[in-house]
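A short worksheet on the structure shown next.
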Amino acid sequence: MDTVTYPAAEVVQFFNNYLTPLRFDLSRDAVHEKHIHIWTPTLAVLDLQGNEIQKSIGFFDPDELIASLHLGLAKVHMDAEEYDTAEVHLKNLFRSFQDSRMIPEAIYFNGVNLYKWKDDPGHLKTAYEKLLKEHPQSTWSRRADPYRLI
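Going by numbering that gives the first Met the number 0, the first residue of the sequence shown is number 0, and it counts up by one from there.
Written as C-alpha cells, this is what we have:
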C-alpha cells in the first residue's frame with residue numbers, strides 16, 4: 000500500500016481532511032498489546048479514546064480504502080451520537096463509491112444510524128429490504144434478516 004495506495008493524491012487529501020494517521024512497527028511498538036494484528040497491512044479506525052471501531056486487513060486500492068474509511072468514520076460518529084455527521088460520511092460513500100465492496104455494510108449501518116437518529120425502527124426494515132434487493136448474497140443481508148419482522 001506504500002507504493003500504490005497511500006501516496007495517491009485522493010488518499011492524501013482524505014487523510015488531511017478527516018484523519019490523523021499513525022503508523023506502528025508491530026515488531027517494536029506496544030500497540031499490538033491492545034489491538035490484535037494478525038497480518039499486514041492492518042488499518043484500524045479508532046475513536047478519540049483509542050477504541051478500535053473498524054479494522055481492515057489486507058491491500059486496498061485508493062478508492063476502496065477511502066470507502067472503507069468513510070464507513071469507519073461514520074461508525075465513529077454514530078458511536079459519539081453524531082448521527083448527522085455519520086450520515087455525511089455514508090452519503091459520500093454511496094455517492095462516490097457505488098461499486099465498492101463496502102456498500103452492503105454501509106447500507107446496513109445507514110439503517111442503524113437512521114434508526115438511532117430518528118428513533119424509527121422502520122429505517123432498519125428499509126435497510127434490510129434494500130440489502131435483500133441489491134445484495135441478496137451479502138453477509139449483511141443475513142445479519143439484517145431479523146429486521147424483516149419490523
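Note that beta-carbon positions come from the ideal geometry of N, C-alpha and C, so glycine has one too.
Every value quoted in this text rests on a predicted model; they were computed, and no experiment measured them.
Counted within 10 angstroms of its Cβ, other Cβ atoms place residue i as buried (16 or more) or exposed
i	result
I102	buried
K74	buried
A79	exposed
Alpha-carbon spacing of residue i relative to residue j, whole angstroms
i	j	result
F13	L47	18 Å
T4	I56	14 Å
R147	F108	16 Å
P120	E133	20 Å
A8	I149	44 Å
A126	R142	11 Å
K115	E128	18 Å
7 Å Cβ shell around residue i - same chain, five flanking residues per side excluded
i	result
D137	Reading off the sequence shown, one finds Ser at residue 137, where the question assumed Asp. Excluding sequence neighbours, S137 sits near P103, L130.
G71	V44, I52, Q53
Residues near residue i in its chain [Cβ-Cβ closer than 6 Å; skip 5 each side]
i	result
L113	H122
Cβ-Cβ separation, residue j to residue i (assumed contact under 8 Å), whole Å
i	j	result
L68	L18	7 Å
### Task
Answer yes if the region 58 to 66 comes into contact with the region 74 to 85, meaning at least three C-beta pairs across the two stretches below 8 Å, and no otherwise.
no
### Query
Between the region 95 to 115 and the region 41 to 51, do at least 3 Cβ pairs fall closer than 8 Å?
no
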